Each structure stands twice: as structure tokens, then as C-alpha cells.
Amino acid sequence: MRIALPLLLAAACAAPLPAHAQDCHDAQAAAEEAYVVRADDALPDRLGYTRDTAGSVCRRWPARPELTQLATPVWRDGGDGDARTGDVEVLVIDSDTLATRAWAVLSGTLDSDAIFFDGMHLDTARYQLAPDTLAFGLRVQRRNGSGPNPFSEEQLHLLAVQADTLRTLGPPMVLRRFQAEWDTRCAGDSTDVSRTLAVGPKGKHGLADLILRERRVTTHSWMEGDTCRDQDTPVEGERHVLRFDGRRYAVPEALQPL
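The working numbering puts the first residue of the sequence shown at 57, with every later residue one more than the last.
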């Protein structure tokens with residue numbers, strides 16, 4: 057059986073910045089510097105939480121190169137590797153001066169138990185939702201540690217800077233999910249669901265609709281003599297239209313993370 061558990065992580069950073077600007081080639085150093093010079097009211101330190109700047113991701117925004125995006129895991133103290141809770145802090149800063157432009161906290165994004173955090177990266181695809189609203193994404197990977205029942209998923213958080221405020225545009229949506237049940241040698245069944253996100257026409261409340269197209273592949277595996285055989289069954293899945301209601305996008309529960 058082909059077990060494609062790890063979801064690819066995109067660690068690529070943007071074009072080099074001027075010498076005095078934020079340098080995304082070392083995301084940890086970039087995050088630590090950004091926190092030192094951040095605005096007094098931006099992402100205040102929280103008692104009982106520890107920032108994991110070694111896990112930070114950083115990218116200069118290709119569509120708005122004057123801005124740089126940073127995301128940093130923040131863990132609640134006292135947890136362990138199997139069960140811990142945490143948030144992600146997102147900063148948008150001036151690429152040259154490092155001045156804080158906007159920030160947000162994605163609460164509970166890293167909460168881990170049977171399914172745990174497995175990395176993240178920034179998504180700077182051109183999500184032009186309105187003439188004055190360009191969104192970007194944070195993709196978070198999660199998985200379990202089970203051999204016979206593997207599971208992994210990738211969730212997308214959409215954010216946009218509006219009036220110097222970084223807004224989350226709705227609950228996260230799952231763009232990839234893989235799960236299987238097998239004997240750890242060959243025999244078993246798996247399902248791999250992938251979704252692509254596109255910007256649709258303008259909606260009733262100012263921001264464009266979001267179009268999610270789904271593809272699902274089920275795989276049945278069995279032993280035939282000494283050979284492991286696979287049979288894939290691809291199915292074009294549903295097409296989902298997510299509409300902005302004036303405050304956020306309505307994401308059906310079936311498209312949200314487990």
C-alpha cells in the first residue's frame with residue numbers, strides 16, 4: 057500500500073531583502089528580531105505561554121513586497137509531545153523598517169492530542185477577494201502516529217489586512233486529508249482527498265465567493281502471492297461554494313479540521 061502520509065512543506069522564502077530589512081532566509085532570526093521591535097500593543101507576551109521561534113515561518117509577500125509575513129507557534133506551558141495546546145501568532149511587518157503593520161492570533165490552531173501539529177507554511181497565492189482586499193493563507197499540517205490507522209490533513213487559514221487590522225476570514229478549511237486502515241504490510245484500504253481553492257465572482261457582501269473543487273482517490277490493496285497489489289479508484293468529488301456573510305466565510309463542518 058502506498059502511504060503518502062507526510063504533507064509537503066513549502067519552506068521557500070521570497071527574494072532577498074535589503075541589508076537593513078527583514079531576512080526570510082533565517083525565519084527564526086527574522087521572528088526574534090520582529091518581536092523585539094514590534095509595536096508596544098502588538099502580540100503582548102502572555103504568562104504561561106512560550107513562543108517557539110525555531111518553528112517560525114517567514115515570507116516576503118510577492119504581491120505586496122513592501123510587506124513581510126511571519127507566523128510563530130506559541131505553546132501553553134506544561135504540555136508534552138503527545139498532548140499540548142497552542143496558538144499561532146501572525147505578524148505582518150514593513151519589509152524595510154520592520155514596523156508592525158498588523159497582527160492576529162489563531163487560537164487553538166496547534167492543539168494536539170491523538171492528532172498533532174506537523175509543520176506549517178505561508179501561502180501567498182493571489183487571493184484577490186475585492187479590489188482592496190488581498191488575502192493570504194497559513195497552511196497547517198497535522199497527523200497521527202498510528203501505523204495501522206494513519207491519518208494526516210492540511211488546513212488553510214485565510215487572513216487579510218483591512219484598515220491596519222489582520223482579520224481571519226473564517227474557520228480553517230481542509231485542503232488535503234489522507235486516512236487508511238491496513239495490516240502494516242500490504243492489505244487494507246485508504247482514502248486520499250485533495251481540494252483546490254479558487255476565487256469566484258463577487259459576492260453579495262463585498263468579498264468574492266470561494267470555490268473548492270474536490271478530488272477523492274480510494275485505494276484497495278491486497279497480497280497476491282508474494283506481490284502487493286493496489287487498485288486506485290479516483291472520483292471527482294463535490295464542488296463547494298463558500299460565501300462571505302459580511303463577517304466571515306461560512307465553511308461547512310465537513311470541510312473543517314477534525
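The beta carbon of each residue, even a glycine, is placed where N, CA and C say it ideally should be.
Source: prediction; values computed, not measured.
Member of Ala219, Arg304, Leu314 whose CA lies at the smallest distance from the CA of Leu230: The displayed chain sequence assigns Val, not Leu, to residue 230. Of the listed residues, the one whose Cα sits closest to Val230 is Leu314.
Nearest-angstrom beta carbon gap, Arg195 and Met176 [assumed within contact, 8 Å]: Contact holds; Cβ gap of about 6 Å.
Cβ-based neighbour list, Val113, same chain, cut-off 7 Å, excluding 5 preceding and 5 following: Correct list, in chain order: Ala83, Ala127, Met176, His177, Leu178.
CB contact flag (Val297, Leu263, <9 Å): Not closer than 9 Å, so no.
Reduced DSSP secondary structure (H/G/I, E/B, other) of Arg58: Caution is warranted here: a pLDDT of 47 is assigned to Arg58, below 50, making its placement in the model unreliable, and the coordinate value is therefore given only provisionally. The DSSP-derived three-state label of Arg58 is coil.
Classification of His213 by the beta-carbon crowding that lies within 10 angstroms, buried from 16 upward: Looking at its Cβ environment, which holds 16 or more other Cβ atoms inside 10 Å, His213 is buried.
Residues of its chain near Gln312, where Cβ-Cβ distance is below 6 Å and the 5 sequence neighbours each way are ignored: The residues Pro227, in chain order, have a CB closer than 6 Å to that of Gln312 in the same chain once the five nearest residues on each side in sequence are set aside.
Residue environment, Ala155, which counts as buried when at least 16 other CB atoms sit within 10 Å: That one is exposed.
Neighbour-count burial assignment, Gln211, 16 or more Cβ in a 10 Å radius: Under this definition Gln211 is a buried residue.
Range of the contiguous beta strand (DSSP E) that encloses Glu292: In this chain, the beta strand (DSSP E) harbouring Glu292 covers 283 to 298.
Per-residue DSSP class, three states only, for Glu122: If DSSP states are grouped into helix, strand and coil, Glu122 belongs with coil.
Start and end residues, beta strand (DSSP E) containing Val148: Note, Val148: beta strand (DSSP E), 142 to 150.
Buried versus exposed, by CB contacts within 10 Å (16 or more), Pro62: Annotation note: pLDDT 38 at Pro62 (below 50); position unreliable, coordinate value reported separately. Its Cβ having fewer than 16 others within 10 Å, Pro62 is exposed.
Close Cβ partners of Trp278 (< 8 Å) along its chain, the five nearest in sequence each way excluded: The beta carbon of Trp278 lies closer than 8 Å to those of Cys242, Ala243, Cys284, Arg285 in the same chain, with the five residues before and after it left out.
Neighbour-count burial assignment, Leu266, 16 or more Cβ in a 10 Å radius: Counting Cβ neighbours within 10 Å, Leu266 comes out buried, since at least 16 surround it.
Whole-number beta carbon distance between Thr180 and Pro121, since they are thought to touch under 8 Å: By a beta-carbon distance limit of 8 Å, Pro121 does not contact Thr180. Their separation comes to about 11 Å.
Element boundaries [beta strand (DSSP E), containing Tyr183]: Looking at the DSSP string, the run of the beta strand (DSSP E) that includes Tyr183 is 172 to 186.
C-alpha distance - Thr247 paired with Phe234, whole-angstrom precision: Between the alpha carbons of Thr247 and Phe234 lies a distance of about 6 Å.
Between the CA atoms of Val144 and Thr333 - distance to the nearest angstrom: What is shown of the chain runs 57 to 314, which leaves residue 333 out entirely.
Nearest-angstrom Cα separation, counted from Val291 out to Arg102: One Cα belongs to Arg102, the other to Val291, and the distance between them is close to 47 Å.
CB of His261 within 9 Å of CB of Arg299, strictly: Against a cut-off of 9 Å, the Cβ pair of Arg299 and His261 comes out as a contact.
Contacting residues, own chain, Cβ-Cβ under 6 Å from Val273 (five flanking each side not counted): Spatial neighbours of Val273 in its own chain (CB-CB distance under 6 Å, excluding positions within 5 residues in sequence) are listed in chain order as Asp248, Asp288, Pro290.
Bounding residues of the alpha helix (DSSP H) (the contiguous stretch that carries Tyr91): It spans 83 to 93 - the alpha helix (DSSP H) in which Tyr91 sits, taken as one unbroken run.
Start-to-end residues for the beta strand (DSSP E) that takes in Lys258: DSSP places Lys258 in the uninterrupted beta strand (DSSP E) bounded by 244 to 258.
Rounded distance between the beta-carbons of Val148 and Val32, thought under 8 Å: Because residue 32 is not part of the residues shown, which for the chain are 57 to 314, the question remains open.
Assigned secondary structure, Leu311 (DSSP; H/G/I helix, E/B strand, else coil): Looking at Leu311 - three-state DSSP - the assignment turns out to be helix.
C-alpha distance - Glu209 paired with Tyr91, whole-angstrom precision: Rounded to the nearest angstrom, the two C-alpha atoms are 30 Å apart.
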